[in-house]
Amino acid sequence: MSVLEVRDLTIRFGGLTAVDGLSLQVNEWEIVGLMGPNGAGKTTAFNCITGFYKADEGHVLYRDRDVTVLPPHRKAALGIARTFQNVGMVKSETVLENLLTAQHTKTGYGPFKALTGASVVRQRERDLAAHADAILELLGLTEFRDWPLGSLSYGTLKLLELGCALATDPDLLLLDEPSSGMGPEESDELGERLLALRRELGVTMLLIEHHVPLVAAVCDYVYVLNFGKLLAQGDPDQVRRHPEVVAAYLGGEAPDALAEALDEETV
Amino acid sequence: MATTELLSPYDAGASQRRASITGWLTRGGAALPIVALVLLLPKHSGDWTNDAIFAAIYAMVGLSMNVLVGYTGQISLGQQAFLGIGALTAANVVHSGTNTPDPFTFALGMVCAVAVSAGAAAVLGGIALRIRGLYLALVTLVFGAVTADAVFTIPSLNGNDAGVSAYRPSAIQTDFSYYVFALVMVGLCVYVDVWIRRTKVGRGLIALRDNELVAGAFGINVLGYKLLGFVLSGAMAGLAGGVFAFWSQEFSDKDFTAAAGFNKALIFVVMVVVGGLGNRAGVIAAAAFFALLDPIFSGIASGTGWLNFYTDHKAYISNIIGAVLLLQTVIFNPGGLGQVIRPFTRWFAGHPFSLHDEHGDAAAAALGGGSDVRA
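Going down the list, the sequences are from chains A and B. With this note's numbering, the residue at position 189 of the first sequence is 189, and numbering never jumps. Count along the second sequence from 1, then add 1000; that gives the number in this note's numbering.
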């Protein structure tokens, strides 16, 4: 059974077709990459899978359940977590408060019960804080616990955002360029971390990523988008050598690149 | 502070909170003058009691504005409507004529004031869900004006324009005992506010204020929580309205229509901003300040022989002071009065005294600038 299946997804903005008949599948325990040049429609597809945009055509299935029209918070409650390209967290709050906010659907008390300050609410709040501390420890961010977000570096913010996504207790994690703004070493570290997360928490992942070494290191399968259409798919090594993918990233016409690639192979 | 106990990261936050017994005693001692000012002055001066009740009512409205503007990030230029709806409902439910109501009827009146006002806020919230900024401000402004002019002027609800009497039950008949009752109601609002802030309710509201996309990704029902913000705000303002009715001992539409209503709406917005958005203590202090502005100025004016001049111009004077303070806050001090007094409020809450508090500064800075996260 696939965790996520996207069937013929099409999203149009006015005359522009941002995503055109995209189909993809993410199986249990897989880490799947979604690549493509800028403006290829990767983030748009993400926004549609997570419910922020409405699909014009096509379906999104989560564990065989059609979730195409569910709003974002319902999908989050089902276990679909996401991160944002330019860090999506509650800026005016501290690190700890962000991790608590991310556990919104796991609180176990209703909003009106909360206002009574009942003992069960106090107990649950302590549990949530303990869980937040465990996540901080897992990511090595414990020292930043009570820091406001504004004083954290970009790399720490990216990592914390991953922590917030984990705090929602995800089953499927959608990461939008998790390595952006990171150097090669940090990005290697991130790769290790993602693999460890899958090993320890059993999270399935779909990630948008440009950094080829990272994709090669962690992804089991890769889809490449260009101008909203699926250009290629396969395991990372296959896709990396795919002539049209090379052309899409480097510019130029596919036949030329193809010829060059063939030349190289014949030599 | 026993810093050696900070070994476990789990206790770090909790340990920083604890003050020693002498620390708490010092804080208790320092709080005495404030308690004396709040309790004893109204007890021994009849004029002050009346004004102090009014300040308590404004404090409740301030807290209601804080929920809506401070936490939820919405705007309301029609909050006086909820105050009025609460007052109208309480007076009409109790409907005791010239008699003293029994405690049960009085309590029922207060509960109905809260419920009806919360319901009205749900209607406004429902309309406001998908609009923001200038248009939301306009809708709330119109809501306030229309409610005042169309609902409060219905003769059967406002005692045929003569006002509906609202006498207090015998137990809280005197001004001072009613003041204590009003303080208990403020305490109730503070309690609710504390638990809003400590639980997922406040975190949800603040998350959607900062960024609706992020809130959605965190599993927060953005539309539902926005509506909840309106309802909680309306409920608190409705309670304030109930207290207002029995303070003035009548509901009169003239307190909420035309200039009187608009002035209130304006002051309510000004006081929550000057107090500091999202800052409970600051908002209460600012609300009390604006409520007591008139009595204090009248006192000063009559003492110095300027009473006639003041009475002739008092409408502009409080508005000008409000406008100046608003500008001062927005330009120089976006955290408001709450940010200024934060070292003290934190100290009273058991933290060590510190003039530099990173979290507070960041919150103030975050309120100053918008969020730039996009999906």
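For glycine and all other residues, C-beta sits at the position ideal for the given N, C-alpha and C.
With a threshold of 8 Å between beta carbons, is residue i in contact with chain A?
i              : result
residue 1375/B : Because residue 1375/B sits at a pLDDT of 42, beneath the cut-off of 50, its placement in the model cannot be relied upon, and the following sentence gives the value as read from the coordinates. Answer yes: the Cβ-Cβ gap between residue 1375/B and chain A drops below 8 Å somewhere.
residue 1211/B : yes
residue 1355/B : no
residue 1005/B : For residue 1005/B, the predicted structure reports a pLDDT of 36, less than 50, and the residue's modelled location is therefore unreliable. The matter cannot be settled from this model.
residue 1226/B : no
residue 1200/B : yes
residue 1346/B : no
residue 1365/B : Since pLDDT at residue 1365/B reaches only 47, below the 50 mark, its modelled position is unreliable, and no value is offered.
residue 1216/B : yes
residue 1274/B : no
residue 1187/B : no
residue 1206/B : yes
residue 1220/B : yes
residue 1306/B : no
residue 1075/B : no
On the DSSP bridge assignment, give the partners of residue i in chain order.
i              : result
residue 31/A   : 205/A
residue 57/A   : 10/A
residue 337/A  : This structure cannot speak to residue 337/A, because chain A is shown only from 1 to 267.
residue 232/A  : 224/A
residue 17/A   : 12/A
residue 65/A   : 62/A
residue 2/A    : 27/A
residue 1327/B : Residue 1327/B is not bridged to any residue.
residue 22/A   : 9/A
Relative to the alpha-carbon of residue i, which residue among the options has its alpha-carbon at the smallest distance?
i              : options                           : result
residue 87/A   : 46/A, 206/A and 177/A             : 177/A
residue 203/A  : 211/A, 194/A and 209/A            : 194/A
residue 1110/B : 1188/B, 1033/B, 1296/B and 1030/B : 1188/B
residue 1149/B : 1045/B, 1085/B and 1190/B         : 1085/B
residue 227/A  : 248/A, 218/A, 180/A and 207/A     : 248/A
residue 98/A   : 1124/B, 1284/B, 1026/B and 1211/B : 1211/B
residue 1185/B : 1241/B, 1152/B and 1222/B         : 1241/B
residue 1270/B : 1182/B, 1058/B, 1031/B and 1027/B : 1058/B
residue 1343/B : 1349/B, 1332/B and 1355/B         : 1355/B
residue 148/A  : 117/A, 78/A, 94/A and 128/A       : 94/A
residue 69/A   : 89/A, 63/A, 55/A and 183/A        : 55/A
residue 1251/B : 1030/B, 1309/B, 1277/B and 1151/B : 1151/B
residue 1238/B : 1094/B, 1046/B, 1121/B and 1331/B : 1121/B
residue 233/A  : 198/A, 22/A, 157/A and 16/A       : 22/A
residue 1066/B : 1135/B, 1043/B, 1279/B and 1093/B : 1279/B
residue 12/A   : 197/A, 189/A, 220/A and 41/A      : 41/A
residue 1256/B : 1338/B, 1249/B and 1083/B         : 1083/B
residue 1282/B : 1080/B, 1033/B, 1335/B and 1225/B : 1335/B
residue 1253/B : 1144/B, 1036/B and 1272/B         : 1144/B
residue 174/A  : 45/A, 14/A, 89/A and 126/A        : 45/A
residue 1275/B : 1153/B, 1061/B, 1222/B and 1105/B : 1061/B
residue 185/A  : 155/A, 222/A and 114/A            : 155/A
Closer than 8 Å, CB to CB, is residue i near chain B or not?
i             : result
residue 204/A : no
residue 179/A : no
residue 229/A : no
residue 100/A : yes
residue 266/A : Only weak support is given to the placement of residue 266/A: the predicted model assigns it a pLDDT of 44, under 50, and the question is left unresolved by the model.
residue 308/A : Absent from the structure is residue 308/A, since the part of chain A shown begins at 1 and ends at 267.
residue 88/A  : yes
residue 131/A : no
residue 249/A : no
residue 276/A : The requested residue 276/A is not part of the displayed model; chain A covers only 1 to 267.
residue 117/A : yes
residue 121/A : yes
residue 209/A : no
residue 55/A  : no
residue 104/A : yes
Minimum length 4: unbroken alpha helix (DSSP H) runs contained in the region 1032 to 1107 of chain B: Counting only runs of 4 or more, we get 1041 to 1044, 1046 to 1065 and 1079 to 1094.
4-residue-minimum alpha helix (DSSP H) runs that sit fully inside the region 88 to 165 of chain A, ordered along the chain: For the region 88 to 165 of chain A, whole alpha helix (DSSP H) runs of length 4 or above, ordered along the chain, are 95 to 102, 111 to 116 and 119 to 139.
Validate contact between the region 1294 to 1314 of chain B and the region 1111 to 1118 of chain B using beta carbons, cut 8 Å, 3 pairs: They do not touch, by the three-pair rule.
Touch test, the region 156 to 165 of chain A against the region 93 to 112 of chain A, Cβ-Cβ under 8 Å, three pairs minimum: Contact between the region 156 to 165 of chain A and the region 93 to 112 of chain A is present, because at least three Cβ pairs lie under 8 Å.
Touch test, the region 1155 to 1165 of chain B against the region 1262 to 1271 of chain B, Cβ-Cβ under 8 Å, three pairs minimum: Taking 8 Å as the limit for Cβ pairs, the verdict is that the region 1262 to 1271 of chain B does not touch the region 1155 to 1165 of chain B.
Three CB pairs or more closer than 8 Å across the region 130 to 150 of chain A and the region 25 to 32 of chain A: The region 130 to 150 of chain A vs the region 25 to 32 of chain A: no contact.
Segments of 4+ residues assigned as alpha helix (DSSP H) that fall wholly inside the region 1095 to 1182 of chain B: Segments of the alpha helix (DSSP H) lying fully in the region 1095 to 1182 of chain B: 1103 to 1128 and 1133 to 1146.
The region 1063 to 1078 of chain B / the region 1223 to 1238 of chain B touching (three or more Cβ pairs under 8 Å): Enough Cβ pairs lie closer than 8 Å, so yes.
Any alpha helix (DSSP H) of 4 or more consecutive residues that is wholly inside the region 1224 to 1310 of chain B: Scanning the region 1224 to 1310 of chain B from its first residue to its last, the whole alpha helix (DSSP H) runs of 4-plus residues come out as 1258 to 1275 and 1280 to 1304.
Inter-stretch contact at 8 Å, needing at least 3 Cβ pairs: the region 32 to 47 of chain A / the region 209 to 216 of chain A: The region 32 to 47 of chain A is in contact with the region 209 to 216 of chain A.
Inter-stretch contact at 8 Å, needing at least 3 Cβ pairs: the region 55 to 65 of chain A / the region 3 to 17 of chain A: The region 55 to 65 of chain A, when compared against the region 3 to 17 of chain A, does touch it at the 8 Å Cβ threshold.
Touch test, the region 1204 to 1219 of chain B against the region 72 to 87 of chain A, Cβ-Cβ under 8 Å, three pairs minimum: Touching, yes.
The region 1087 to 1100 of chain B in contact with the region 1163 to 1178 of chain B per 3-pair CB rule at 8 Å: Enough Cβ pairs lie closer than 8 Å, so yes.
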